[in-house]
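Peer 1:
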Amino acid sequence: MPHPFAVDPPGTPPHAAAPRPHTEPAAPQAGPHPTPEEPRRTAPAPAGGRAAPEPAAHPPATFAEALRQALRLRGLPLQRVCDRLAAHGVRISPATLSHWQRGRSLPERPQSLRAVRTLEEILAVPHDHLVGLLQPHRPRGRACAQEQDVTASRRVFAPGSEVERALGDAFADFNRDIAPLSVHESVFLGEDRCVRHLSVTQVLRAIRDGPDRLTLVHQVDEGVSPDVDFTVGCGTLGAVRVDEPLRCVVADILLGRRLSRGETAVVRYDIDFPSGPLPSAFYERRTRTNLREYLLHVSFAPAAMPASCHRYYRRRTDAPREQVARLVVDASRTAHLYPGKCTPGVHGVSWAWPPRPGDAD
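Numbering follows the numbering used here, with no gaps: position 251 of the sequence shown is 251.
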């Protein structure tokens, strides 16, 4: 199914039998659907040593996640933690700790980094458990902006991803001056069980002065030509480039003016996809930034109803699915994904098809 890759792209599944179209900008996988994760359990503290972090299928990927987990396991209020830091000569406010564990800011100053090292002792986690998840001190100024943007992209897109190969040198500047605030997209599957139509509305905000376009990268299913039909409702369709080997179409939607920093714009577009030789099995969106709102609405044709439908999340395009949960297909033959918090990564919906008459056992 299509995998959209726009301001904050969607992706391609690592084990998909038949990749489907994506959006920013995505990829699903066919076959048996994984069951939801079992509840995570707390590991006992080793005798005479620091408590081991709570075991999980995936270790904390970010400093905020690791700090949040350590605070929860230790069971200390933020004020108590600050008091213990103060006893070590480190002054940090509860508000700062709250921002750190929520990912709203990161420790960078020498005193803050010293606080993190002391936190490892107070929270009884292994040496470098928190410090090791901090990036080197962020460089300042526009000269380093491109490097930071590429780093953000590669946290979501696996090395050598279709998006990076389709964009080439332009990957370093991929929508670097603009970010999505909300994305609403509707996916329509035909009686052939393939994704046939996609309708997307995005609200964008300029994070620097000057952006005048949104770049989209969509990957289609295996066996489907990426030479798709674009219709732009808000904005103007600019350059369109098709990469047959990668099954990708790269398109620019022109905003009609250069946005000032903080200014918003709305983009709306539709894509019609040709039928493919294999049924679509999923649709997903890859996003490099937090979205204030994301809605994925999937509609099935009356003669092509799925046997089951699931939502899922992946930290990166080459990571396994997690947070898998069954979705209800309602009386209007639709299912939807509306996460309360849309974090960076890959958010998608997958479905399984019942056997058709004449299918081999």
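Don't be surprised by glycine CBs; every beta carbon is placed ideally from N, CA and C.
For the alpha helix (DSSP H) containing residue 112, name the first residue and the last one.
Peer 2: Here the alpha helix (DSSP H) through residue 112 covers 110-122.
Peer 1: Could you tell me the alpha carbon to alpha carbon distance between residue 152 and residue 358, rounded to whole angstroms?
Peer 2: Taking the straight line joining both Cα atoms gives about 47 Å.
Peer 1: With burial defined as no fewer than 16 other Cβ atoms inside 10 Å of the residue's Cβ, what is the status of residue 165: buried or exposed?
Peer 2: Exposed.
Peer 1: Out of 240, 265 and 102, which has the shortest C-alpha to C-alpha gap to residue 182?
Peer 2: Per the Cα distances, 265.
Peer 1: Compute the distance between the beta-carbons of residue 171 and residue 317, then report whether it is under 8 Å.
Peer 2: No, they are not a contact pair.
Peer 1: In the DSSP output, what is residue 300 paired with across the bridge?
Peer 2: According to DSSP, residue 300 bridges with 189.
Peer 1: Taking the straight line between their C-alpha atoms, what separation do you get for residue 232 and residue 301?
Peer 2: So the two alpha carbons sit approximately 24 Å from each other.
Peer 1: Buried or exposed: where does residue 127 fall if 16 or more other Cβ atoms within 10 Å of its Cβ makes it buried?
Peer 2: With fewer than 16 Cβ atoms within 10 Å of its Cβ, residue 127 is classed as exposed.
Peer 1: I need the straight-line Cα distance from residue 256 to residue 214, nearest angstrom please.
Peer 2: Computed Cα separation, rounded: 11 Å.
Peer 1: Going by alpha carbons, who is nearest to residue 322 out of 312, 331, 329 and 330?
Peer 2: Per the Cα distances, 312.
Peer 1: May I ask which residues mark the beginning and end of the alpha helix (DSSP H) holding residue 82?
Peer 2: From DSSP, the alpha helix (DSSP H) with residue 82 extends over 78-87.
Peer 1: Who are the Cβ neighbours of residue 229 in its own chain at under 6 Å, not counting the five residues just before and after it?
Peer 2: 272.
Peer 1: Determine the DSSP secondary structure at residue 286, reduced to helix, strand or coil.
Peer 2: In the structure shown, residue 286 sits in a strand (DSSP, three-state: E or B).
Peer 1: Residue 347 by DSSP, collapsed to three states: which one?
Peer 2: In the structure shown, residue 347 sits in a strand (DSSP, three-state: E or B).
Peer 1: Tell me the DSSP bridge mates of residue 234?
Peer 2: Paired residue(s): 268.
Peer 1: According to DSSP, is residue 334 helix, strand or coil?
Peer 2: Residue 334: strand per DSSP, three-state reduction.
Peer 1: Report, in whole angstroms, the separation of the C-beta atoms of residue 154 and residue 101, which I expect to be a contact under 8 Å.
Peer 2: Not really, about 24 Å apart at Cβ, beyond 8 Å.
Peer 1: Just mark residue 349 as buried or exposed, buried being the case when its beta carbon has 16 or more other beta carbons within 10 Å.
Peer 2: It is buried - the Cβ of residue 349 has at least 16 other Cβ atoms within 10 Å.
Peer 1: According to DSSP, simplified to helix, strand and coil, what is residue 263?
Peer 2: In the structure shown, residue 263 sits in coil (DSSP, three-state: anything other than H, G, I, E or B).
Peer 1: Could you name the residues of the same chain whose beta carbon sits closer than 6 Å to that of residue 355, not counting the 5 residues immediately before and after it, in chain order?
Peer 2: None.
Peer 1: From what residue to what residue does the alpha helix (DSSP H) around residue 98 run?
Peer 2: Counting along the chain, the alpha helix (DSSP H) containing residue 98 begins and ends at 94-102.
Peer 1: Between 88, 132 and 99, which lies nearest to residue 111 when the distance is taken from Cα to Cα?
Peer 2: The option with the nearest alpha carbon to residue 111 is 88.
Peer 1: Below 8 Å on the Cβ atoms is my guess for residue 178 versus residue 211; work out the distance and round it to an integer in Å.
Peer 2: Between residue 211 and residue 178 the Cβ distance is about 4 Å, and since that is below 8 Å, they are a contact.
Peer 1: Quick one, are the C-beta atoms of residue 243 and residue 278 less than 8 Å apart?
Peer 2: No, Cβ-Cβ distance for residue 243 and residue 278 is not below 8 Å.
Peer 1: Using only CA atoms, which one of 276, 92 and 289 lies nearest to residue 192?
Peer 2: For the residues 276, 92 and 289, the minimum Cα distance to residue 192 belongs to 276.
Peer 1: Under DSSP, the beta strand (DSSP E) around residue 278 begins and ends at which residues?
Peer 2: Element bounds for residue 278: n/a, residue is neither H nor E.
Peer 1: Return the CA-CA distance between residue 118 and residue 81, expressed in angstroms with no decimal places.
Peer 2: Distance between the alpha carbons of residue 118 and residue 81: 10 Å.
Peer 1: Between which two residues does the beta strand (DSSP E) carrying residue 203 extend?
Peer 2: Residues 195-206.
Peer 1: Considering residue 324, what are the terminal residues of the alpha helix (DSSP H) in which it resides?
Peer 2: Not the alpha helix (DSSP H): residue 324 falls in the beta strand (DSSP E), residues 322-326.
Peer 1: Do the CB positions of residue 287 and residue 344 come within less than 8 Å of each other?
Peer 2: Yes, Cβ-Cβ distance for residue 287 and residue 344 is below 8 Å.
Peer 1: Round the Cβ separation of residue 284 and residue 219 to the nearest angstrom and send it over; I've been treating them as touching at under 8 Å.
Peer 2: Not confirmed; about 10 Å, so no contact.
Peer 1: Can you give me the Cβ contacts of residue 62 inside the same chain, cut-off strictly under 7 Å, excluding the 5 residues immediately before and after it?
Peer 2: The answer, listed in chain order, is 103 and 133.
Peer 1: Once you ignore the five residues that flank residue 146 on each side, which residues in its own chain have a CB closer than 6 Å to its CB?
Peer 2: The predicted position of residue 146 is uncertain, since its pLDDT is 42 and thus under 50; a value taken from the coordinates is nonetheless stated next. Closer than 6 Å at Cβ, skipping near neighbours: 172.
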